[in-house]
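In the numbering used here, the protein residues as written are 1 to 210.
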Ligand SMILES: Cc1cc2nc3c(=O)[nH]c(=O)nc-3n(C[C@H](O)[C@H](O)[C@H](O)COP(=O)(O)O)c2cc1C
């Protein structure tokens, strides 16, 4: 089937994108305003764009004609923490996605404890096995209050339990038990069906004589 985004309603284009680009990792963003008021919300228009330098991207929409609290805080302070979401915290993550008023601290509403960050002001979520402390690199405005935030990862925290070899930076990915967002309003994926497909270098390929 052929679909032309120019001929479709925006909601339908959104459905086609979010039910095909799967699963999407979830950035559980903790930010704070200039009075230090904390905010947390999940964003699945998210991925790592570069490993070295470590750069991540977030796509943040709008509440009607108003910036989302996370977008406003990131614009004001240039700092935030991306926590990754383990299966154990899926309900808490869902609570933090409720469109509460700006004064509400979603971390409190979801009963989440925090731990201090090392290089940025907003804290990280205690139960999250991975947290990236981020500083904004660039904000690309997409119109209608939507934007892409590109950020440098300035500090990385990984649960000790999930680190196999700290010197070699080997992580036990199964221990992280992370979830990804799927389609519709409430579908998620748990990464329980892993398989290996080793890379082939050019010399190997040529040795096969094909
Ligand atoms: C799993 C999940 C992923 C989400 N991803 C996005 C996203 O990528 N971009 C976005 O603008 N909103 C996304 N949302 C909605 C926001 O989390 C929601 O609008 C939230 O209230 C924003 O909070 P804030 O105003 O405190 O920043 C997502 C919600 C859920 C549950």
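All C-beta atoms in this analysis are idealised placements derived from N, C-alpha and C, irrespective of residue type, glycine included.
1. Quick check on DSSP: helix, strand or coil for residue 46?
2. Taking one C-beta from the segment 22 to 31 and one from the segment 116 to 126 each time, how about it: are there three or more such pairs within less than 8 Å?
3. Count the other CB atoms, across all protein chains shown, that sit within 10 Å of the CB of residue 39; report buried if there are 16 or more and exposed otherwise.
4. Alpha carbon to alpha carbon, how far is residue 110 from residue 93?
5. Determine, for residue 85, whether the minimum Cβ-Cβ distance to residues of chain D falls below 8 Å.
6. Is it the case that the CB of residue 42 approaches a heavy atom of ligand 1 more closely than 7 Å?
7. Where do the ends of the alpha helix (DSSP H) carrying residue 22 lie?
8. Using 7 Å as the cut-off, classify the Cβ of residue 79 as near or not near the heavy atoms of ligand 1, replying yes or no.
9. Distance check for residue 204 and residue 105, CA to CA, integer angstroms please.
10. For a test of the three-state rule: what should DSSP assign to residue 200, helix, strand or coil?
11. Do residue 85 and residue 128 have their C-beta atoms within less than 8 Å of each other?
12. For residue 107, report the span of its alpha helix (DSSP H) as first-last.
Result, derived from the coordinates:
1. Note: residue 46 maps to strand in three-state DSSP.
2. Touching, per the Cβ criterion.
3. So residue 39 counts as buried.
4. For residue 110 and residue 93, the gap between their C-alpha atoms comes out near 8 Å.
5. Structure shown: chain D not included; a single protein chain is present.
6. Yes, Cβ of residue 42 sits closer than 7 Å to a heavy atom of ligand 1.
7. If you look at residue 22, you'll find it isn't in any alpha helix (DSSP H); DSSP assigns it neither H nor E.
8. Answer for residue 79: no, Cβ out of range of ligand 1.
9. About 55 Å.
10. In the structure shown, residue 200 falls within a coil segment according to DSSP collapsed to helix, strand and coil.
11. Yes.
12. Boundaries of the alpha helix (DSSP H) harbouring residue 107: 106 to 109, taken from the DSSP string.
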